[in-house]
Amino acid sequence: MDTEKKIEILGAAAKYDICASSCARAPRPVGNDYIGNLSSSGICHSYTPDGRCVSLLKVLMTNSCQNNCKYCVNRVTNDFERASFEAEELARLFIEMYRRNYVEGLFLSSGVKRNTNATMEEMIKVLEIVRLRYNYKGYIHLKILPKTSENLVERGARLATRLSINLEAPNPNRLKMIAEEKDFKSDLLDTMSLIQKQVDRGLVRAGHTTQFVVGAAGETDAELLKTTNWLYKHKSLKRAYFSAFIPVENSLPPYSTQYTVNSTLSHAPFPSVPLLREHRLYQADWLLRFYNFNLSEIMLDDEGNLILNIDPKLAFALKNKERFPLEINKASYDDLLKIPGIGVTSARRIYRVRKEYKLKDIKELKNLGVVTKRAAPFITVNGKLGARSQTFLTAQQLELFQTEKSGLARRQVELLKA
Amino acid sequence: MGEGESLPVLKHSKNWVRVRERSSEGLTIFKSELFYALLHSKCDQKIIDAVIKQLEENGVSYVLCKVSHEAKQFRNWARQVKVEKMRAVSFIRLRPIDQHNVLYGEFELRHKTGEIIILHFMNRFPTYKIMISFGKEAFIGKDGQIAVTTRLIASLPPTPIDPFEKLWLTFYKSQYIPERKNLRYMQQMVPKRYWKWLREINPDYPNRG
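Residue numbers (numbering that gives the first Met the number 0), protein chains in the order written: chain L, 0 to 417; chain Z, 0 to 208.
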């Protein structure tokens, strides 16, 4: 099989891995005989028609796999064309693409061909050629396979900029439904602990990440966010990625949330998970990571899912109307972050500017980057209400919150109306 | 080029002379923004003077937080220059001319960003001579030195068809997920004026090597 055919198969097999980050802080490489460097802000070299950034040469080492994960198109029982890169071949391909400024780095994952450690050895061989022979100093994201030995994780950590292992499901029960061979604790969490050890030693410059398949195991958003939050606190996780389950050819349908944990995957097909759910999960994840929200401050419906047609921050503000309106010249930094329409950057700007200058008009907030249309009902500026109406809960927002599709419990709506 | 100090447009500004010597976290950001704003093709001395005056009177945060119209304009210039630099380092495709140890690229600029763009590639590929043609003039960088020329195109040798371009196009196609189709967002991230440099998006772009 020629390289072009391999890249077609192994590129397509890797595209469901979402992470496209390519940034890491690093001093300038020493000497003048290297190729490549790290950028402190990510660089996207192209965009696919689905709007996703192409920053890394994202490929699998092989799509042969002995596992039979039900959500995965590469599973062993699937009958389709298999391919594998040779280490030399992939290393050269990557360096040539990097020289042409097509990509910002390498993202290497793999199916488990014979056994985990043999496959990891092959992947690390690629990294060794790239790093040691070509003297490449740029970005490499290495996927660690479940049950990889500590020695190989350490070798990977010394060569890669970022490591990751995909948990795919938020807890052991959910994982069993989609990947019977994998044990949540011994195969995934314990391997993640080995990665964490290397991160804590400072070997992995861009930290470690994980990914969940959203909707494949009928899990709720509450389960996903609880696990994610725990990983941030206890596993030094840099970031969690959420990939909405898409039933592709030969893949099995996702669970519906109405099924119990003991359901089988042989039920009638369900529509793919709405991308909006993925979007809301990222918004909630952002609130946890950057907006100093607690898990209990993320508003969920009765089934434990995020409300699809309202963003989680607005949902929080509407649920906690007694906390608003907030005076923009006096509110604490944490409170500023709780106001819809005010992001981290604009909160910092407000916090900084008001030390020297009293904000007097809502138009000034617009210049600071605040989305005043969204923030107005929740703020006062120099004592004046941001919104014309005396009530900060606009009719439009109430309407949004009351729609049946939102799934919001009736008692919450009543609470808001009170 | 340092951040602001060596730029001639500031030499006669009394306000700048006073501001230059001070230092704080905010001023460091301001000086960096000033460096970028001055590279904007429409940068206006009057606005820069007004901004520096506001900085003296109201503090650096007043300017950085874009409270006034002038400050907003100033920061917009800086942002537009940074965006152009970012897009250039993303979308410039380099063609290796190995017999001369050269990486060659082409692009179009609206602002005076040629120097910072070529510096990016010089840091990334220190063993190569970097040549980038920006329309009428071209920048050549090697060993920390940058030269500007207008005669680059004529002196370049012809090169064979690049097999890695085909591999890149195959890889690019393989990454598309049809179920997530979102052309509007893609066009937002890659404005049409850059399409002519991107063969994967614009198949009509001639294969230059």
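Backbone N, C-alpha and C fix where the C-beta goes; we use that ideal spot for every residue, glycine too.
These numbers come from a predicted model, not from an experiment.
Whole angstroms are fine: how far does the CA of residue j sit from the CA of residue i?
i              : j              : result
F34 (chain Z)  : L358 (chain L) : 28 Å
R99 (chain L)  : Q98 (chain Z)  : 16 Å
T149 (chain Z) : I117 (chain Z) : 16 Å
V352 (chain L) : D161 (chain Z) : 53 Å
E127 (chain L) : G155 (chain L) : 9 Å
N67 (chain L)  : G110 (chain L) : 11 Å
K337 (chain L) : F315 (chain L) : 8 Å
Q72 (chain Z)  : V62 (chain Z)  : 10 Å
A70 (chain Z)  : A36 (chain Z)  : 11 Å
I17 (chain L)  : G382 (chain L) : 45 Å
E277 (chain L) : F244 (chain L) : 9 Å
Q395 (chain L) : N328 (chain L) : The pLDDT assigned to Q395 (chain L) is 49, lower than 50, so where the model puts this residue is not dependable; a value taken from the coordinates is nonetheless given after this. Their Cα atoms are separated by approximately 27 Å.
C42 (chain Z)  : R74 (chain Z)  : 11 Å
S54 (chain L)  : A205 (chain L) : 15 Å
L364 (chain L) : E85 (chain L)  : 56 Å
K318 (chain L) : I341 (chain L) : 17 Å
L193 (chain L) : K225 (chain L) : 22 Å
V203 (chain L) : S39 (chain L)  : 15 Å
Y175 (chain Z) : I6 (chain L)   : 13 Å
M185 (chain Z) : E199 (chain Z) : 13 Å
N100 (chain Z) : P190 (chain Z) : 32 Å
Y231 (chain L) : R288 (chain L) : 8 Å
W76 (chain Z)  : A90 (chain L)  : 41 Å
Y133 (chain L) : L92 (chain L)  : 12 Å
R27 (chain L)  : L93 (chain Z)  : 22 Å
C64 (chain Z)  : A375 (chain L) : 19 Å
M0 (chain L)   : T344 (chain L) : 50 Å
I297 (chain L) : L313 (chain L) : 10 Å
S89 (chain Z)  : S235 (chain L) : 31 Å
V272 (chain L) : F241 (chain L) : 11 Å
G214 (chain L) : K128 (chain Z) : 50 Å
Rounded to whole angstroms, how far is the Cβ of residue i from the Cβ of residue j, which I believe are closer than 8 Å?
i              : j              : result
A239 (chain L) : D284 (chain L) : 6 Å
T169 (chain Z) : E3 (chain L)   : 5 Å
I42 (chain L)  : S20 (chain L)  : At roughly 11 Å, the Cβ-Cβ gap does not stay under 8 Å, so I42 (chain L) and S20 (chain L) are not in contact.
A159 (chain L) : L141 (chain L) : 4 Å
F106 (chain Z) : W196 (chain Z) : 6 Å
L286 (chain L) : P311 (chain L) : 6 Å
L162 (chain L) : I143 (chain L) : 5 Å
L166 (chain L) : T208 (chain L) : Contact flag wrong, Cβ pair sits at about 10 Å.
V129 (chain L) : I177 (chain L) : In fact, because the Cβ distance is near 33 Å, the residues do not count as touching under 8 Å.
N293 (chain L) : D333 (chain L) : The Cβ separation is near 11 Å, so there is no contact.
With a threshold of 16 other CB atoms inside 10 Å of the CB of residue i, please say whether the residue is buried or exposed.
i              : result
Q197 (chain L) : buried
R183 (chain Z) : exposed
S388 (chain L) : Summary for S388 (chain L): the model assigns pLDDT 47, below 50, so the residue's position carries little reliability; its value from the coordinates is reported in the next sentence. Classification for S388 (chain L): exposed.
V147 (chain Z) : exposed
W229 (chain L) : exposed
N304 (chain L) : buried
G1 (chain Z)   : Residue placement at G1 (chain Z) is flagged as unreliable, the pLDDT there being 42, under the threshold of 50; the coordinate-derived value follows with that caveat. It counts as exposed.
P177 (chain Z) : exposed
M122 (chain L) : buried
K354 (chain L) : exposed
T371 (chain L) : buried
E302 (chain L) : exposed
K362 (chain L) : exposed
E103 (chain L) : buried
T227 (chain L) : buried
D78 (chain L)  : exposed
L38 (chain Z)  : buried
N366 (chain L) : buried
Strictly by DSSP, which residues pair up with residue i?
i              : result
K83 (chain L)  : It should be pointed out that residue 83 (chain L) corresponds to Ser in this sequence rather than to Lys. L:T61, per the DSSP bridge assignment.
F241 (chain L) : L:F211
T148 (chain Z) : Z:A137
R161 (chain L) : L:H140
M130 (chain Z) : Z:Y103 and Z:I139
K383 (chain L) : L:V380
Y46 (chain L)  : L:C52
R423 (chain L) : Any question about residue 423 (chain L) goes unanswered here, given that chain L covers just 0 to 417.
I96 (chain Z)  : Z:V101
I116 (chain Z) : I116 (chain Z) pairs with nothing; no bridge assigned.
S108 (chain L) : L:L59
E167 (chain L) : L:F211
I34 (chain L)  : L:Y135
Exercise for review: Flag this pair as touching only if the stretch 37 to 52 of chain L and the stretch 132 to 144 of chain Z have three or more C-beta atom pairs under 8 Å; answer yes or no.
Suggested key: At 8 Å Cβ cutoff, the stretches do not touch.
Review point. How about the stretch 55 to 63 of chain L and the stretch 41 to 60 of chain Z: do they share at least three Cβ pairs that are nearer than 8 Å?
Key: Per the Cβ contact rule, the stretch 55 to 63 of chain L is not in contact with the stretch 41 to 60 of chain Z (fewer than 3 Cβ pairs under 8 Å).
Review point. With contact counted as at least three CB pairs below 8 Å, one residue from each stretch, are the stretch 24 to 39 of chain L and the stretch 184 to 192 of chain L in contact?
Key: No, the stretch 24 to 39 of chain L does not touch the stretch 184 to 192 of chain L.
Check your understanding: Are three or more beta carbon pairs between the stretch 53 to 62 of chain Z and the stretch 0 to 19 of chain L nearer than 8 Å?
Key -> Verdict: no, contact absent.
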